[in-house]
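Residue numbers (UniProt numbering): 1 to 322. The beta-carbon is built from N, C-alpha and C at its ideal position, and this holds for glycine as well. These numbers come from a predicted model, not from an experiment. All remarks here apply to the structure that follows.
Okay, here's the thing in structure tokens:
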């Protein structure tokens with residue numbers, strides 16, 4: 001159900017009333033808010049007219065003393081009698097309706113101008129206050145903007161440094177992985193090298209199984225190493241045939257040219273058992289420098305210069321044996 005008094009659609013037969021002229025529905029509470037609990041009689045409802053329809057009714061229908069505008073045939077003097085142009089005046093000064101309309105329009109215009117001037121002044125003062133209020137805010141906003149820009153630049157700088165550091169970390173991680181793989185390869189190569197070195201040392205020692213190394217005999221220009229070896233064999237009472245028992249005899253220069261030690265004599269026998277017999281007999285004799293002569297040159301004591309180590313050792317065996 002629609003109501004002409006409000007937008008509400010609720011309402012029953014007891015709290016609403018219908019205009020007898022326009023047939024529009026009205027809430028009694030909307031019409032009389034202060035007396036909403038009053039009961040309406042049926043006669044009142046049958047003759048009730050809404051406020052809009054009551055305004056369109058002629059005033060003479062009401063039984064009251066309210067003056068009613070006359071017809072167009074009434075005289076101008078009757079109209080002037082009902083108009084008082086001055087409020088509270090003691091004298092009955094009257095004027096025509098046109099003058100009244102002009103005066104009211106002039107009054108309205110001056111009032112509007114006064115209101116406009118007041119509103120304009122208020123707006124101007126508000127603008128001034130707003131500007132004075134906004135000026136420090138603008139300065140604060142500018143300062144905040146500068147701080148924001150500096151913070152943004154700092155963040156961009158830190159971001160670039162972070163990216164650079166991240167790339168360097170990734171590069172280091174890749175290098176560490178490569179180094180770890182290289183370390184594994186190096187360990188494998190080291191173990192292979194050690195095994196090869198041991199094998200090579202064994203082969204060298206095996207190749208020198210028939211050699212002896214004599215220390216302590218000073219070197220002489222144009223010396224004869226075979227005669228020196230023959231002299232040692234005679235003093236040790238060893239039957240030695242240089243043609244059938246000896247493969248070669250020579251001096252070995254040290255690896256370091258600055259080494260001033262006497263070059264040892266290397267003797268290689270053709271038979272290993274002959275070498276072992278030679279070593280055992282020489283050690284028993286304990287020859288001294290007075291026992292060995294060659295060109296009237298006295299040689300140093302062989303026992304003091306490694307006769308006990310006359311076996312020809314490889315470099316690795318020399319290192320491990322001290």
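By the DSSP assignment, the beta strand (DSSP E) with residue 251 in it spans what residues? 246 to 251
Would you mind sorting residue 245 into buried or exposed? The rule is 16 or more other CB atoms within 10 Å of its CB. buried
In whole angstroms, what is the alpha-carbon distance linking residue 209 and residue 176? 48 Å
Tell me the rounded alpha-carbon separation between residue 236 and residue 281. 6 Å
How long is the line joining the alpha carbons of residue 158 and residue 192, rounded to whole angstroms? 50 Å
DSSP state of residue 269, grouped into three classes? strand
Boundaries (first-last residue) of the alpha helix (DSSP H) holding residue 232: 225 to 235
What is the residue span of the beta strand (DSSP E) that residue 24 lies within? Premise fails: residue 24 is in no beta strand (DSSP E) and is neither H nor E.
For residue 241, name the three-state secondary structure that DSSP assigns. coil
Run the CB neighbour count on residue 202, radius 10 Å, all protein chains shown included, and call it buried at 16 or more, exposed below. exposed
If you check the beta carbons only, do residue 269 and residue 263 fall under 7 Å apart? no
Decide if residue 172 is buried, meaning its Cβ has at least 16 other Cβ atoms within 10 Å, or exposed. exposed
Rounded C-beta distance between residue 28 and residue 16? I'm assuming under 8 Å. 6 Å
Evaluate residue 26 with the Cβ neighbour count: other Cβ atoms within 10 Å of its Cβ, from every protein chain shown; 16 or more gives buried, anything less gives exposed. buried
Report the three-state DSSP secondary structure of residue 212 (helix, strand or coil). strand
Quick check on DSSP: helix, strand or coil for residue 111? helix
Close beta carbons around residue 252, own chain, < 7 Å, minus the five adjacent residues each side: 263, 264, 266
Going by beta-carbon coordinates alone, are residue 233 and residue 225 separated by less than 7 Å? no
Using alpha carbons as the reference points, say which of 22, 46, 42, 43 lies closest to residue 54. 22
Grouping DSSP H, G and I as helix and E and B as strand, with all else coil, what is residue 307? Reliability of the predicted coordinates at residue 307 is poor, the pLDDT of 37 falling under 50, and the value obtained from them is presented with this limitation in mind. Three-state result, residue 307: helix.
Going along the chain, which residues of its own chain have a beta-carbon closer than 7 Å to the beta-carbon of residue 260, five neighbours each way excluded? none
Measuring CB to CB, does residue 278 end up less than 7 Å from residue 238? yes
With a 10 Å radius around its C-beta and 16 neighbouring C-beta atoms as the bar for buried, classify residue 189 as buried or exposed. exposed
Given this structure, state the Cα-to-Cα distance separating residue 184 from residue 174, to the nearest angstrom. 15 Å
Please work out which residues of its chain come closer than 6 Å, Cβ to Cβ, to residue 247, disregarding the five sequence neighbours upstream and downstream, and give them in chain order. 268, 270
Three-state secondary structure (DSSP) of residue 339: The displayed coordinates of the chain run from 1 to 322. Any statement about residue 339 would go beyond what the structure contains.
CA nearest to the CA of residue 4, picked from 49, 130, 114: 49
Provide the residue span of the beta strand (DSSP E) that contains residue 53, from first to last. First-last for residue 53: 51 to 56, but that is the alpha helix (DSSP H), not the beta strand (DSSP E).
What residues are listed by DSSP as bridge partners for residue 16? 27
Taking the beta carbon of residue 118 as the centre, do at least 16 other beta carbons fall within 10 Å, making it buried, or is it exposed? exposed
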